[in-house]
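Accompanying notes for the structure given below.
Residue numbers (this note's numbering): 9 to 281.
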């Protein structure tokens, strides 16, 4: 009888543990839920910190895990150490899923970070010399975005229709004989003294102390990139309809956070309306 009672108590304890937070499990039935969200330092973690007290009032405790690389947030989701992440756009997630045979999904789009061309040794695009060295991100989706911006500014021409799948092999016209230096996105700001110009992701430009108003060129808000590269909250497929996750997205898309983004980042981060 004692053994049977212990078994019942143990089962009850384990069940309570499962529903005490999200933790990669179904937490939609709990009134108070903890969400562990991996985010890059700027602007994602900053935006989440602003959202944290709002979510607290809605019964969701937000635990923010600041991550400096662009792989760990997704592997953390797969391993279950994170409930969600907020750092990437859909094309990057698609590539990650393809490479890792995973099925992580977007729970909602939050903001867009315009790419910019920033001065290194050369201080204007008009002065860009023949054979100039241009630093671009070294991952596929962001390199394509950099090439599209360079095309937007008339510095090269790409094969028709390649859009977000563009690579340097798709360049059909390169009048300035630009030499491309592929650099990890987080190292692009540091590369500026060694290159003529660099095409830099919005969040890394902010972290490096750059201002979008000082960029030599910025992605048009009507560009393919603007319509494609919105930053998302990503989750495991089974958690897409989780009540706490939905509440997180709702708050991040809400008026208070949108206003914060507009006022805090001065055009370097643009909310998705």
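Just so it is clear, CB atoms sit at the ideal spot from N, CA and C, and this is done for glycine as well.
### Message
Three or more C-beta pairs under 8 Å: does that hold for the stretch 140-149 against the stretch 181-195?
### Response
yes
### Task
Would you list, in sequence order, the uninterrupted beta strand (DSSP E) runs of no fewer than 3 residues that lie entirely inside the stretch 110-136?
113-120, 124-127
### Task
State the DSSP-derived secondary structure class of residue 208, mapped to helix, strand or coil.
strand
#### Entry: Straight-line gap, residue 178 to residue 85 (C-alpha atoms, nearest Å)
34 Å
### Task
Would you tell me roughly how many angstroms separate the C-alpha atoms of residue 271 and residue 264, rounded to the nearest one?
11 Å
### Task
Return helix, strand or coil for residue 237, following the three-state DSSP convention.
coil
### Message
For residue 157 and residue 163, what's the separation of their Cα atoms in angstroms?
### Response
9 Å
### Query
Quick one: what's got a C-beta closer than 6 Å to residue 50's C-beta in the same chain, skipping five residues either side?
211, 214, 215
### Best match in 127, 232, 69 for proximity to residue 201 [C-alpha to C-alpha]
127
### Contact belief for residue 252 with residue 68 at Cβ below 8 Å, rounded distance in angstroms
5 Å
### Query
Name the DSSP beta bridge partners of residue 189, please?
143
### Backbone CA spacing between residue 108 and residue 236 [nearest angstrom]
22 Å
### Message
On a Cα-Cα basis, can you pick out the residue from 61, 44, 54, 59 that is closest to residue 81?
### Response
44
### residue 150 burial status per 10 Å Cβ neighbour count (16 or more: buried)
buried
### Message
Helix, strand or coil for residue 52? Go by DSSP, reduced to three states.
### Response
helix
### Query
How many angstroms separate the CA atom of residue 250 from the CA atom of residue 60?
18 Å
#### Entry: Residue closest to residue 230, alpha-carbon to alpha-carbon, out of 218, 238, 220
238
### Task
Let me know if residue 99 comes out buried or exposed under the rule of 16 or more other beta-carbons within 10 Å of its beta-carbon.
buried
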